[in-house]
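Enquirer:
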Amino acid sequence: MTATILKFDAAYRRVIDKLISNGFKVKDTLLINKDRYCIVLGKPKNILITFKKELFHNFGSMFIDEHSDEEGDTINCLDLRISLRYKVKEIYLVNPKGIVYKIPFMDFLEKSFRWVNREGKEVRSVSFNEYKKAFEV
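This is the structure:
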């Protein structure tokens, strides 16, 4: 059982350590979104790591139907454009329990809904069911 993760820097460092232990080669890292996301430039692919204390609880009622309790994940469109520029292939989501989920970047784009949140930011949200468990850190 892993310890609870409370901060993003601990989350992305643990993910990178786990990837390296499995043969991933890190070339560089780039923190974006006020240091809340990390793009990892590596071999065999570039990835985006996010840390979410909570999922988007209203996803189902907003995008499926008013009675759906399906949860989702939301990422700012600006951060997705930056990730696209760096040729990110997968998104890794870390939760506070240290469980890491992943989704191919293009699947996120294709299956997500674009909308403007209450802060006026353009975002994309996808069902959490689209993510697959990758590993624990």
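Take the sequence shown: its letters are residues 110 to 246, numbered as in my numbering. Even glycine gets a Cβ: it sits at the ideal position worked out from N, Cα and C.
Tell me, please, whether the region 223-237 touches the region 173-190 by the rule of three or more beta-carbon pairs shorter than 8 Å.
Expert: Taking 8 Å as the limit for Cβ pairs, the verdict is that the region 173-190 does touch the region 223-237.
Enquirer: Taking the CB atoms as reference points, tell me whether Ile156 and Tyr201 lie closer together than 8 Å.
Expert: Taking 8 Å as the Cβ cut-off, Ile156 and Tyr201 qualify as a contacting pair.
Enquirer: Taking C-beta to C-beta, are Val135 and Val203 nearer than 8 Å?
Expert: The answer is no: Cβ separation not under 8 Å.
Enquirer: What are the partner residues of Tyr146, as DSSP defines its beta bridges?
Expert: Its beta-bridge partners are Ile141, Thr159.
Enquirer: Taking 8 Å as the limit between beta carbons, can you name the residues of its chain near Val209, skipping five residues before and five after?
Expert: Val124, Lys127, Tyr201, Leu202, Val203, Lys242, Ala243, Phe244, Glu245, Val246, listed in sequence order.
Enquirer: So which of Ile141, Leu189, Gly169 has the shortest CA-CA distance to Pro213?
Expert: The shortest C-alpha separation from Pro213 is found at Leu189.
Enquirer: What does the alpha-carbon distance come out to for the pair Arg194 and Ile129?
Expert: Rounded to whole angstroms, Arg194 to Ile129 spans 23 Å at the Cα level.
Enquirer: Count the other C-beta atoms from every protein chain shown that fall within 10 angstroms of the C-beta of Thr159, then say buried if there are 16 or more, exposed otherwise.
Expert: Answer is buried; the Cβ neighbour count reaches 16.
Enquirer: Going by C-alpha to C-alpha distance, which of Tyr240, Asp118, Phe217, Phe133 sits closest to Lys143?
Expert: Among Tyr240, Asp118, Phe217, Phe133, the Cα nearest to that of Lys143 belongs to Asp118.
Enquirer: Output the residue ranges of the alpha helix (DSSP H) runs that lie fully inside the region 207-239 and measure 4 residues or longer, sorted by chain position.
Expert: The qualifying runs are 214-220.
Enquirer: Starting from Phe168, trace the beta strand (DSSP E) in both directions and tell me its first and last residue.
Expert: Careful: Phe168 lies outside any beta strand (DSSP E), inside the alpha helix (DSSP H) at 168-172.
Enquirer: Might you give, ordered along the chain, the residues of its own chain that have their beta carbon closer than 6 Å to the beta carbon of Gly169, omitting 5 neighbours on each side?
Expert: Only Ser177, Asp178, Glu179 meet the Cβ criterion.
Enquirer: Excluding the 5 residues flanking Ser221 on each side, which residues of the same chain have their C-beta closer than 7 Å to its C-beta?
Expert: Once the five neighbours on either side are set aside, the close Cβ partners of Ser221 are Arg233, Ser234, Val235.
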